[in-house]
Each structure stands twice: as structure tokens, then as C-alpha cells.
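Residue numbers (my numbering): 16 to 261.
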């Protein structure tokens, strides 16, 4: 890293180095939304407009041989790649002696459509599938020994997303910008059933609301009743992720 980036790396004072060496974090937080492919730029040709100056001698890309790394979302360069979160957790486990970990941010951005109807915005099937698949990746990491203590969804509400403003919607709740009324989306109901371990409600959810809504959406796989009823107990140090719907 020193050879590639050099002076672009942050510098630490002797006091800061001492503090880092003498103290230990209570936990490590992981913010994760997507995953990229990485291309070598030392022995391969890279585009001049790439992110190479801030990454070093490499370039990140979201496709290989013209095939996207995953399902696109409503935010540029954010693709659905659950295995990337599992790999990130496994790396932290190995690199930092399996310190307690929290997934402090993970979420799906809905695309903005013209002539949107609130009724359609509340049927956020893709967000439900996103969190189901990413929680499955977390569960897999836990089974392999990762000390994951919790998972935080980004975000509770559709909010102001920095440079994107209100053009990216990550929320479990839709917000009417005129009246400020908050309406729960399908994902909020699904997460509530998941967190309360209401497997019967979750099963009804998949068999009823989700499948009826999915029929209106092309290229979204249906969840079978057998998959909806399948549960598994996971052992963790804190039992925070004690039950997971596979």
C-alpha cells in the first residue's frame, strides 16, 4: 500500500500510534451496500477516467465481460451482491481476531420512476428480497464462526441522501414530502415479522402479499411456501441473530 499510494495515506502522530497500539475497540462496524470487481492497472490497460488515483494502481468495475456483478438498484454502481457482505465479515474475522462486529449500515435504493403511485412504492418487493438475501449472507458468516452481534437496516425512513438528495429511497417507510405522513412499506412488515420471530406471519406474508405483488413485477422470482416455512436456529455469542428465515 505504501508503494502504491504513498503520501496519499493518512499520517499518524506518535501519540495516535500509541493509542492505537494500547487500546482495543469494543466492536467493529461494517457499512456495506454493494461489491465491485477489481482490475489491475499496472499490467493492464485502464480507462483514464477511472477511480485509479484514489484507489492506487487498480480500477473498480461493476461488470465482467459485459455481465453485471448483480441486480442493479436505484443508485449508480450499487448492485445486489450478498456474497460480498459475507466475504467482508469473514475478512474482518480473520484480520482482527474476530472482534465483535455489527453490520451498521446495509440497504437497498429504490429507483425513482416517473408518474409514481404511492401504492406501488409501498410494494417494495426488491427491498424485501435484498434484506432477506443479505441476512442470509450474515447468517452464513455466523455459522462459520464470525462474531456478528447485530444488523442495522439503512434506513428506517426515506430520507435526504447527501448528494442524491431525495432521489434515492432506502427507507422501510415512505415519507410524503408535502404532509410528512409516514407509511410502512412491505419491507417494514416483513422485517417486523422477522424480528418478532413470527414464522406464521412471515409465511402468510410470502404466500399472500409478496406473491400477489410479485405477479405485477417482471423477472422477480417467487418464494415458494416451503421456503417461506423453513427456519433455522443460529448460535451466536450474543444470540442477537438467534433465528433466521432462510
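For every residue, glycine included, the Cβ atom is placed at its ideal position computed from N, Cα and C.
Keep in mind that this is a model prediction, so the values were computed, not measured.
- Looking at C-beta atoms only, is the number of pairs between the segment 119-135 and the segment 176-186 that lie closer than 8 Å three or more? yes
- Would you mind working out which of 87, 95 and 43 sits nearest residue 149, comparing C-alpha positions? Locating residue 149 in the chain shown gives position 134, counting from the first residue. It is 95 whose Cα lies nearest to the Cα of residue 149.
- When you compare only the Cα positions, how much space is there between residue 48 and residue 72? The count along the chain shown starts at 1 and reaches residue 48 at position 33. The count along the chain shown starts at 1 and reaches residue 72 at position 57. Their backbone Cα atoms lie some 23 Å apart in a straight line.
- Message: Taking only three categories from DSSP, how would you classify residue 230?
- Response: By 1-based counting over the chain shown, the position of residue 230 is 215. With a pLDDT of only 42 at residue 230, under 50, the local geometry of the prediction cannot be trusted, and no value is derived from it.
- Task: With DSSP as the reference, label residue 133 as helix, strand or coil.
- Result: As a position in the chain shown, residue 133 is number 118, starting the count at 1. In the structure shown, residue 133 sits in a helix (DSSP, three-state: H, G or I).
- Message: I'd like to confirm the pairing. Which residues does DSSP put opposite residue 105 in its beta bridges?
- Response: The count along the chain shown starts at 1 and reaches residue 105 at position 90. In DSSP, residue 105 forms no bridge with anything.
- Going straight from the alpha carbon of residue 54 to that of residue 62, what length do you get? Residue numbering aside, residue 54 sits at position 39 when the chain shown is read from its first letter. Residue numbering aside, residue 62 sits at position 47 when the chain shown is read from its first letter. The alpha-carbon atoms of residue 54 and residue 62 are separated by roughly 11 Å.
- Message: Helix, strand or coil, according to DSSP, for residue 111 in the structure here?
- Response: Here residue 111 refers to the residue found at position 96 when the chain shown is read from its first residue. Note: residue 111 maps to coil in three-state DSSP.
- Task: Figure out for me which residue from 153, 147, 163 and 157 has the closest Cα to the Cα of residue 205.
- Result: What you label residue 205 is simply residue 190 of the chain shown in a count that begins at 1. The candidate whose alpha carbon is nearest that of residue 205 is 147.
- Using the DSSP secondary-structure output, state which residues sit across from residue 172 in a beta bridge. Counting from 1 along the chain shown, the entry for residue 172 is found at position 157. BP columns for residue 172 point to 188.
- residue 209, DSSP secondary structure in three states: Stepping through the chain shown from its first residue, residue 209 is reached at position 194. It is helical.
- Spatially closest choice to residue 157 from 197, 167, 128 and 102, by CA coordinates: For the purposes of this step, residue 157 is identified with residue 142 of the chain shown, where counting begins at 1. Residue 102 is the option with its Cα nearest to residue 157.
- Query: Leaving out the 5 sequence neighbours to the left and right, which residues in its chain are closer than 6 Å to residue 239 when beta-carbon positions are compared?
  - Reply: Here the question's residue 239 lines up with position 224 in the chain shown. Residue placement at residue 239 is flagged as unreliable, the pLDDT there being 34, under the threshold of 50; the coordinate-derived value follows with that caveat. Around residue 239: no qualifying Cβ.
- Task: Locate the beta strand (DSSP E) running through residue 26, then write down its first and last residues.
- Result: Counting from 1 along the chain shown, the entry for residue 26 is found at position 11. No beta strand (DSSP E) holds residue 26; DSSP gives it neither H nor E.
- Task: Mind checking which residues open and close the alpha helix (DSSP H) that includes residue 48?
- Result: The residue given as residue 48 occupies position 33 in the chain shown. Residue 48 -> no alpha helix (DSSP H), and no H or E assigned at all.
- Message: Assuming contact is defined by CB atoms lying nearer than 8 Å, are residue 75 and residue 52 in contact in what I supplied?
- Response: Here residue 75 is taken as the residue at index 60 of the chain shown, counted from 1. Here residue 52 is taken as the residue at index 37 of the chain shown, counted from 1. Yes, they are a contact pair.
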